[in-house]
Each structure stands twice: as structure tokens, then as C-alpha cells.
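These notes concern the structure reproduced below.
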Amino acid sequence: MSRARLGVLLLGITACSEVIIERSPHGDDGDGGNGGAPSSTTLVVATATAATGSSVDTSSSVGTSSSVVSTSSGSTSSSAGGAGGSGGGPEDCEPGTVASCFDGPPEAAGVGECAMGVAVCLPDGSAFGPCEGDILPTSQQCGTGIDQDCDGFVSVGCDATTVDAGAATASNSGYSHTLAFDPDGDLFIAGDFSGTSVTVGGLTVATPAGQGQWLAKLTPSLDAIWIVTIPGNLIIWNLASDADGRVVIAGRATGAINFGGGPISPPATQDLFAAAYDANGAFEWAHVAEGDGSNDLPDVATLPDGDVVLVSNFTGSLQFEGAPVLSSAGSYDAFVARLDGSSGTAEWADRYGASGQEVLFSVACTPSGQILVGGGAVTGDAVLDFGVNATIGGPFAIAFARLEGDGTPVWSGGFDGLSFGFLHVASGPTGDLYATGAIDGPVDFGDGTIGSPTSDDLFIARFDTSGQLVFSRSFGDSTGNQRGQGIAVDSLGNVLLTGWVQDEANGTIDLGGGPVPVADDLSIFVSKYTPLGDHMWSSVFGSLGYSVYDIDVAPDGTSAIIGMFTTGFDVGTGPLVADGTQDTFIALFAP
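Numbering (our numbering), first residue to last: 39 to 629.
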């Protein structure tokens, strides 16, 4: 979000041109600027005096008759309009000249509650006097509806309101990574099991000996409608629902797997799969991608017509039924594949990458049928070329792209950083791309640098349909680590996030509504923001031993998170009880 400065009122003068001065606040500029605090003061100085009530608009650029002068070290330098002086001399300012000033960070002036003050040049002309009347950033407080810390975002709410919470338990252990609402507000979840039974939403089913995965459909009150169990060595990593209430699961499997239509034997040790079930839990189809290399865990999304889109990364070769063989150019390459929603046969599959390591972590589909992806170029020799805009080169360049439903590129963008964690993308109601994840080191998505230089920070960003940034912001400090684990967007364009924070030095995290306490080791969070990134509500739960993996939002605005817990975990409805060592929790939050 661009942060244009507001116009400032200069008292007692008419501005013919202005000078912007940065100095140490309340310091003595004549002795080398060693007085005052280390932050800078911004002064907007008129070079001619006349009537009271004139206005200077600092949102426009400084003209050629103006100078940008720094006096924080006792010297002045001029970018235009003549050479600067040596500081401390009588020519530093005209005695009695009145200027607007600001003792806070220059970028905060005129943003939110922050306002300029007034300073007057001293009688001897050696310097401007103290800045008086300016309003500086303060700690953001939840629910004020005011941008108190002057970062361009406001807080309009407070804590999340927990509607319901429940557990899915296995007789030994098992937990889930994924969930999705269907168009009626019912909830699909999936997880793993080891033991003789699994209980989800009050329904207990026997499980085959060994290990496997379960898929369940729950009502909006978290009561089970049906449960499907899938024995074998597999993991359901992601799932998605379509407009007809069907559900598609995606993951990785080893050995023969029976999804409901008979055993399927993956030809390699670990292969990607996708399988579809109707709204009643009846098996429809399953597809395993054949390959001779390694595969990362995939993400999945559904298009408005019911077709399925998969993204992930692979080495060696990979083939989806109905599509040509994809061959990696070196290390891991990324792919996007579109499968027919009625059969699972590939309509097309494309590879992206060069000799380095290129990855795609996440996919979402827009209401108009476009495809949004997020990933990056990891190694120094990595190149992501989507066929539009500039190629994206590593190391550690974050990448986003928009494709038509047939794979034709619309736009792509790359953003350099020191490192990044898993990225997650979602589509807004008008097709904008929303993203979260973790950035290690400063990143500029288009409206200024965000992120701390020494640790992982949670971020959120929104790009419009043409690839232009709408806003970006990050959360965290320079000591702890924060990560976005999931993102969803409701029908109004409001953004839901979930993730975790770890090892915060001061024992708090500010998710936009002001500092809130967190556990010493690790806590999970859920938060909501307006379409422009302003804080609506947030809450933090748990400690080390709990994890969160995904979030989604129902048509009525109710949101749900899913993760792993042990006995005693409380999201606001009372402690949940685990049967095994690790079980699944689900929590619902009011809009």
C-alpha cells in the first residue's frame, strides 16, 4: 500500500518553494548533530514568508527549486537548488522562519494519527528550535479503528470469537494437515491413523491393521456425516471441494493403495496421487502420476467447472495420464497440471525450471477460472520462466504467477529475499491473489521493504488481477520466528490467516491489533484483516506441542483451522482430550 503523505499547514508563511530537512530531534546542529535521539526529524521549510494559512502538499515530489538537506551530522548537503553549508553557521535558517516538523520516523509523518508539528528558527539563525505539537507513533491498541502506530493500517476489532471446537482422535495417534468447506458450509477434513479405530465428529469407525488415512465430512456444528478410511503407506497433504460439493484429495503414496476402486500400485517408491469422492463419500476416481525421481507433497485446487489443478515439484521424469512426460532440467523443477474433474485424466501439464531448484508450493483458482500459483527460485542457478514478464532467478526469489485455465501465462512476479518458507496463496472474490508464508530478511513486494533482517517473519500480500500490489505487511520482531501456515479469503475480500510464532524475545506478538502474550516456546494464531490489510481480530493459543496447518472460510464467513494437539489444548471452548499421543483439532470462529 502506498503511503502518500498528507498536506501540511505552514503557519504564518506562504510557500513559494520548500526545503525538507532531516535532523536529530532537538539536537544542536551546530556542533555536529550529536544531540537528541537517533531517529530523524523531518522539517518542511518555506523559503518565503507571507500570509497565515498557506498549505504545502508533501505528497508531491520536491521541485528543482527545493533542496533535501541532512543536518544530523552537523553538515548540510543539497540535492538541488544550490550547495549546502557546513552546519552550525548563521545561514542554517532565516531567524523566525516557521516550519512544519516531525520528531518520529519520516515515513510515519501524516500517516494515521501521526501529525506534523511546528518549529521556529532560532534568533541567531543557527538552527530550528524544538518541534512542538507533533503527534508521534504509539503502540497500536486493538479495536480502536485508528492507526495509532502510523504504519498505514488500522485495528477495527479485537479477539477472535470461538464458535466451536472438536477433536478427531485415533486409538494410537494421528493428525491432519488439511480442511476445506463445501458450498453448503459442511467441512471436509483428512488425517492419518495408526491403531484400530478413529473417531471424528462423534462417529467411530474401525481401521485396518497398520496405518492409513481417513477422510471425513462434518456438519457446520462439527458432527460427522461420513468417514472414509484408506489403508496403506500414504499421506493426504491437501484437499479441495468444488461447486457440486465433491472433494478431491492429493498427496503422496508408496506401494499399492486402494482409494475405493481397487488397488493402485505406484511404480516408484513415492508417487503423487489425486483422488475424488462425491458429496456422499462415494469413490469416483484416483490417479497416480508415474515417475522415476522424487516428488514433493502437492497442493490442489478446483476450477469452477470442476476440473482439478495440482502443483508440486519433482526430479527425474513425471507423467500424468493423458499428458506428455515431464523431465526435470536438473534439480527439482516445478509443475502445474490440470486434470479432468470427471475422470482424473490430465488435460495438460507444464514444467517450470532450469538447472537449479525451482518450486511451487501452493495453488488457488479464481471465480473466472484462472490459476494462481506461489513458489520460488531457491538456488543461485534457479530460473522460473512462466513465459511472461521477466524471468525469476535465485537464490531465494519468491515467485507468484497467474495463468489462464489452459496454462497460458497472464503475469508473473519475482521478489528477492534472503530466504523464504512455504508460501500459501488464495483467490479473492474478484480474482486477486493473496499470499502468506515466511520471509527471512527484507523483501519489497512493491510498496517498500517489509520483514526483519535476522529472523523469519510472517507476511501477507495482495496483488490485483494485473499483478499490481495492493498492500503488503509483515509481523514479528528481529528475534523470534513467525510463519503463515494458511490463508483464506471470504466473499467480501477479508483475509483469514493462521500460523505460528516462536521464541518471541519480549513474550508478545503484534498481529496488527497491539501486542498480545505468547508462550515462551511456540504459539499458534488465527487472525482476520480487511481487504486493505487492516486488523479486524486475532487470537493466540497453545504452546510447544501444538501445531496448525490450514485455514478455510465458509460461505457465511465462519472460518476454521485444523492442526495437531495433545491433551489440554484450549481454543476458548475448554480443554480438548486426546486419545493418542498426537490427535487432530478443529476450531471454528465467528465472522
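Ideal Cβ placement from N, Cα and C applies to all residues, glycine included.
>> If you reduce the DSSP assignment to three classes, tell me which class E151 lands in.
In response: E151: coil per DSSP, three-state reduction.
> For G413 versus G432, is the C-beta distance shorter than 8 angstroms?
Replying inline: When the beta-carbon positions are compared, G413 and G432 stay at least 8 angstroms from each other.
> In three-state terms, what does DSSP make of P301?
Replying inline: In the displayed model, P301 falls within a strand according to three-state DSSP.
>> I need the DSSP call for P144, collapsed to helix, strand or coil.
In response: The answer is helix: DSSP assigns P144 an H, G or I state.
> So the beta strand (DSSP E) I525 belongs to, where does it begin and stop?
Replying inline: It spans N519 to V527 - the beta strand (DSSP E) in which I525 sits, taken as one unbroken run.
> Straight-line CA distance for G580 to Y213?
Replying inline: Rounded to whole angstroms, G580 and Y213 show a C-alpha spacing of 16 angstroms.
> CB-CB under 6 angstroms to A392, same chain, minus the five flanking residues each way: which ones, in chain order?
Replying inline: Excluding positions up to five away in sequence, the list reads A367 and V421.
> What does Y567 pair with, by DSSP beta-bridge criteria?
Replying inline: In DSSP, Y567 forms a bridge with V533 and H573.
> Any idea if E442 is buried or exposed, counting beta-carbon neighbours within 10 angstroms, 16 or more meaning buried?
Replying inline: Exposed, because fewer than 16 other Cβ atoms sit within 10 Å of the Cβ of E442.
> How many Å lie between W264 and G382 at the Cα?
Replying inline: Straight-line spacing of the CA atoms in W264 and G382 works out to 23 angstroms.
> Does the separation of the CB atoms of F458 and A476 fall below 8 angstroms?
Replying inline: Cβ distance < 8 angstroms, so F458 and A476 count as in contact.
> Who are the near neighbours of A205 in its chain, counting only those whose CB is closer than 6 angstroms to its CB and skipping five residues on each side?
Replying inline: Only L614, D621 and F623 meet the Cβ criterion.
> Closest by CA to F513, which one among P161, F563 and T207?
Replying inline: For the residues P161, F563 and T207, the minimum Cα distance to F513 belongs to F563.
> What's the call for T176, buried or exposed, on a 16-neighbour Cβ count within 10 Å?
Replying inline: Exposed, since its Cβ has fewer than 16 Cβ neighbours within 10 Å.
> Given a threshold of 16 other Cβ atoms within 10 Å of its Cβ, counted over all protein chains shown, does Q506 qualify as buried or as exposed?
Replying inline: Residue burial is scored here from C-beta neighbours: Q506 has fewer than 16 other C-beta atoms within 10 angstroms and is therefore classed as exposed.
> By Cβ distance below 6 angstroms, which residues in the same chain neighbour T536 in space, the five residues on each side in sequence not counted?
Replying inline: The residues are Q523, G524, V564, V586, I589 and I599.
> In chain order, what residues of the same chain lie with their CB nearer than 6 angstroms to the CB of V13, ignoring the 5 residues before and after it?
Replying inline: Given a span of 39 to 629 for the chain in the structure shown, any question on residue 13 remains unanswerable.
> Taking the alpha-carbon positions, what's the L630 to H325 distance?
Replying inline: Limits of the chain in this structure are 39 at one end and 629 at the other, which puts residue 630 out of reach.
> Are D411 and F453 close, meaning C-beta to C-beta below 8 angstroms?
Replying inline: Residue 411 is actually Val in this sequence, not Asp. Taking 8 angstroms as the cut-off, the Cβ atoms of V411 and F453 do not count as close.
>> Please tell me whether D617 and T307 are closer than 8 angstroms, where the distance is taken between their beta carbons.
In response: No, these two residues do not count as a Cβ contact at 8 angstroms.
> Alpha carbon to alpha carbon, how far is D345 from F501?
Replying inline: Near 24 angstroms, if we compare the C-alpha coordinates of F501 and D345.
>> Tell me the residue span of the beta strand (DSSP E) that contains G413.
In response: Where G413 is concerned, the enclosing beta strand (DSSP E) starts and stops at I409 to A415.
> Out of curiosity, what's the CA-to-CA distance linking Q249 and G469?
Replying inline: Q249 and G469: Cα-Cα distance of roughly 39 angstroms.
> Residues in its own chain within less than 6 angstroms of S303 by CB, not counting five upstream and five downstream?
Replying inline: A294.
>> Assuming C403 and V347 are in contact, meaning their beta carbons sit under 8 angstroms apart, how far apart are those beta carbons, in whole angstroms?
In response: Yes, they are in contact, since the Cβ atoms of C403 and V347 sit about 6 angstroms apart, within 8 angstroms.
> My guess is that T245 and V238 are in contact by the Cβ rule of under 8 angstroms, so how many angstroms apart are they, rounded?
Replying inline: Wrong, their Cβ atoms sit about 11 angstroms apart, outside the cutoff.
>> Using only the alpha-carbon positions, how far apart do S450 and V397 sit?
In response: If I take the Cα positions, the gap works out to 14 angstroms.
>> Taking the beta carbon of S259 as the centre, do at least 16 other beta carbons fall within 10 Å, making it buried, or is it exposed?
In response: Under this definition S259 is an exposed residue.
> To the nearest whole angstrom, what separates the beta carbons of D337 and F399, a pair I think is in contact under 8 angstroms?
Replying inline: The Cβ separation is near 7 angstroms, so the contact holds.
> How about F358 and N333: are their beta carbons less than 8 angstroms apart?
Replying inline: Taking 8 angstroms as the cut-off, the beta carbon of F358 is found no closer than this to the beta carbon of N333.
>> Please tell me whether C159 and T135 are closer than 8 angstroms, where the distance is taken between their beta carbons.
In response: Their beta carbons are under 8 angstroms apart, which means C159 touches T135 by this criterion.
>> Considering only their Cβ atoms, is the gap separating I227 from Q251 smaller than 8 angstroms?
In response: Going by C-beta atoms, Q251 is not nearer than 8 angstroms to I227.
> Can you name the start and end residues of the beta strand (DSSP E) that A203 belongs to?
Replying inline: For A203, the enclosing beta strand (DSSP E) has its first and last residue at T200 to A208.
> With 16 other CB atoms within 10 Å as the buried threshold, where does D343 fall?
Replying inline: If you draw a 10 Å sphere on the C-beta of D343, you find fewer than 16 other C-beta atoms in it, and that means exposed.
> With DSSP run on the structure shown, which of helix, strand or coil describes D590?
Replying inline: Looking at D590 - three-state DSSP - the assignment turns out to be strand.
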